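There are 2 protein chains.
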Amino acid sequence: MSSPSSTGRGRPPRLDRARTLQTALDLLDRSGLDALTMRQLAEAMEVRAGALYRYFATKQDLLTAMAERMMDGVADAAAEPCGGDWSERLTALARAMRTALLARRDGARVFAGTHSTGENILGFADTVVGVMRAAGFPDDDAARALYTVANFTVGHTLEEQAALQRGDAGPADPGVLADTVAAGKYPHLQAGLPTLTSTDFTRLFEFGLDLLIEGLRARR
Amino acid sequence: MSSPSSTGRGRPPRLDRARTLQTALDLLDRSGLDALTMRQLAEAMEVRAGALYRYFATKQDLLTAMAERMMDGVADAAAEPCGGDWSERLTALARAMRTALLARRDGARVFAGTHSTGENILGFADTVVGVMRAAGFPDDDAARALYTVANFTVGHTLEEQAALQRGDAGPADPGVLADTVAAGKYPHLQAGLPTLTSTDFTRLFEFGLDLLIEGLRARR
DNA sequence: ACCTGAACACCGTTCAAGT
DNA sequence: ACCTGAACACCGTTCAAGT
Numbered sequence: 001m002s003s004p005s006s007t008g009r010g011r012p013p014r015l016d017r018a019r020t021l022q023t024a025l026d027l028l029d030r031s032g033l034d035a036l037t038m039r040q041l042a043e044a045m046e047v048r049a050g051a052l053y054r055y056f057a058t059k060q061d062l063l064t065a066m067a068e069r070m071m072d073g074v075a076d077a078a079a080e081p082c083g084g085d086w087s088e089r090l091t092a093l094a095r096a097m098r099t100a101l102l103a104r105r106d107g108a109r110v111f112a113g114t115h116s117t118g119e120n121i122l123g124f125a126d127t128v129v130g131v132m133r134a135a136g137f138p139d140d141d142a143a144r145a146l147y148t149v150a151n152f153t154v155g156h157t158l159e160e161q162a163a164l165q166r167g168d169a170g171p172a173d174p175g176v177l178a179d180t181v182a183a184g185k186y187p188h189l190q191a192g193l194p195t196l197t198s199t200d201f202t203r204l205f206e207f208g209l210d211l212l213i214e215g216l217r218a219r220r
Numbered sequence: 001m002s003s004p005s006s007t008g009r010g011r012p013p014r015l016d017r018a019r020t021l022q023t024a025l026d027l028l029d030r031s032g033l034d035a036l037t038m039r040q041l042a043e044a045m046e047v048r049a050g051a052l053y054r055y056f057a058t059k060q061d062l063l064t065a066m067a068e069r070m071m072d073g074v075a076d077a078a079a080e081p082c083g084g085d086w087s088e089r090l091t092a093l094a095r096a097m098r099t100a101l102l103a104r105r106d107g108a109r110v111f112a113g114t115h116s117t118g119e120n121i122l123g124f125a126d127t128v129v130g131v132m133r134a135a136g137f138p139d140d141d142a143a144r145a146l147y148t149v150a151n152f153t154v155g156h157t158l159e160e161q162a163a164l165q166r167g168d169a170g171p172a173d174p175g176v177l178a179d180t181v182a183a184g185k186y187p188h189l190q191a192g193l194p195t196l197t198s199t200d201f202t203r204l205f206e207f208g209l210d211l212l213i214e215g216l217r218a219r220r
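Chains as they are written, first to last, in full-length UniProt numbering: chain A, 1 to 220; chain B, 1 to 220.
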């Protein structure tokens, strides 16, 4: 064990993994992913950028640890609907994942850009597959359901946070879209305009999630 | 009209939007998104980086144009299943989108990071909504179906290309996962291991797409 | 009109040297 | 053991000046 702060020898460290991670998450919320640089983080911790590399080998490692931490407690959502069947549990898990990503600025982008193998995501994955197996789904369908729900949730939340950051009112920007569509081309988009520019991302997410659940029900 | 190369005055330009865009796409395929810098692109075009800004106001604008170009012809996929019903057409459109993103290195990342309002994506969106409306779906469900299918497709392909770039054999890396899972925790992941480490991303995509189609069928 | 040269204000990362 | 200082090899973007 030659990892940092292993014994009481030497100066007490001004840095540690946990505090660095927390400061990084705070900085993410304040400034967004593009402004989350090793130098800005170092400044927030009152050290030089080089010092951070004692605790995270690369910035990618830091981002992975951030993604892992975002998923803290998400798997517990399966236990919430006590008497719930598989569909209620799976719905609760997907909602909890979206909520966790939405809870931090650029949360979906951070998650999509990393590949954690920590206990929070593995625990989440195990829980989802477990719910499906307990419901009688074969192992391969249970595994595929995990990916489908997770990929949809990430894809949706990526779009949702991007639209929020762009300042769009809803899934599509009303101003831009209305002008283009009014020209006469895209008649179907014109018909869908109220929904396309609606602000209700939650309803959009629930729609897609419901499709997946119904599709799984049909397969069972 | 004071845009570049408007009249025959002055030196013939060594640069233009179309050639720059094509070179950028070629460079993307050769080097990947992280190595696609304005300086590297300029070098490939034998100019200095500053010259590119006469044709694209920002790098983000260039990436948006790249994403738009990737979607070229994707909407045509709806016409392919000639006698097909809405479900076959929607399936064809989703497959065509995934194929288009897979066709270029980091295609999904480029697409997810931009927000084109060009005729290729608007045409794609209009076509998808049109297929759903023609099938009798109400306008709001048609619009939501578009987002659900698109967000799932982007989310899936993002994961697929990330796994390919990581060199994983399948959706999850066998080596890493097998070790962690063998420890005894995550019993459900252990059961799903064959599928989780399977190399068949196409099958995974088709599974999710089928769930969405079946969910839509149930709603209609 | 189109491009160069040079700068501005940054990046992630490394590593000898200090304490 | 832990951090600084300084460097390396880059970024995106701007803009006066050349041709």
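Even glycine gets a Cβ: it sits at the ideal position worked out from N, Cα and C. No experiment lies behind these values; they were computed from the predicted model shown.
Assigned secondary structure, residue i (DSSP; H/G/I helix, E/B strand, else coil)
i	result
T20 of chain A	helix
A169 of chain A	coil
R30 of chain B	helix
A162 of chain B	helix
T37 of chain A	coil
G130 of chain A	helix
L15 of chain B	coil
T117 of chain A	coil
L146 of chain B	helix
Residues that residue i contacts on chain B, provided the C-beta gap is smaller than 9 Å
i	result
Y53 of chain A	Chain B residues near Y53 of chain A: none, gap ~20 Å exceeds 9 Å.
Terminal residues of the alpha helix (DSSP H) in which residue i lies
i	result
P174 of chain A	P174 to A182
E80 of chain A	Where E80 of chain A is concerned, there is no enclosing alpha helix (DSSP H), given that its DSSP letter is neither H nor E.
A218 of chain A	F201 to R219
A191 of chain B	P187 to L196
G136 of chain B	Segment: none, G136 of chain B is in no alpha helix (DSSP H) and carries neither H nor E.
Residue-chain proximity (residue i, chain B), Cβ-Cβ < 9 Å
i	result
T64 of chain A	no
K185 of chain A	yes
R133 of chain A	yes
G123 of chain A	yes
A162 of chain A	yes
P13 of chain A	no
D16 of chain A	no
Closer than 8 Å at the beta carbon, the chain B residues around residue i
i	result
N151 of chain A	F152, G155, H156, L158, E159 and G208
V74 of chain A	Neighbours of V74 of chain A on chain B: none; closest Cβ ~15 Å, over 8 Å.
R166 of chain A	H115
D126 of chain A	K185, Y186, P187, H188 and L189
Neighbouring residues, chain B, relative to residue i (Cβ below 7 Å)
i	result
V176 of chain A	T117
A112 of chain A	L158
D106 of chain A	Those within 7 Å of D106 of chain A in chain B number zero; the least Cβ separation is about 12 Å.
L204 of chain A	R144 and Y147
Neighbouring residues, chain A, relative to residue i (Cβ below 9 Å)
i	result
E214 of chain B	L211, E214, G215, L216, R217, A218 and R219
Contacts of residue i in chain A (Cβ-Cβ under 7 Å)
i	result
P171 of chain B	Y147
Contact with chain A by residue i, beta-carbon distance below 9 Å
i	result
P194 of chain B	yes
D140 of chain B	yes
T180 of chain B	yes
M1 of chain B	Summary for M1 of chain B: the model assigns pLDDT 36, below 50, so the residue's position carries little reliability; its value from the coordinates is reported in the next sentence. Not an interface residue.
Contacts of residue i in chain A (Cβ-Cβ under 8 Å)
i	result
V129 of chain B	H188, L189, A191 and G192
Length-filtered (4 minimum) alpha helix (DSSP H) runs lying within the segment 41–115 of chain B
59–70, 86–102 and 107–112
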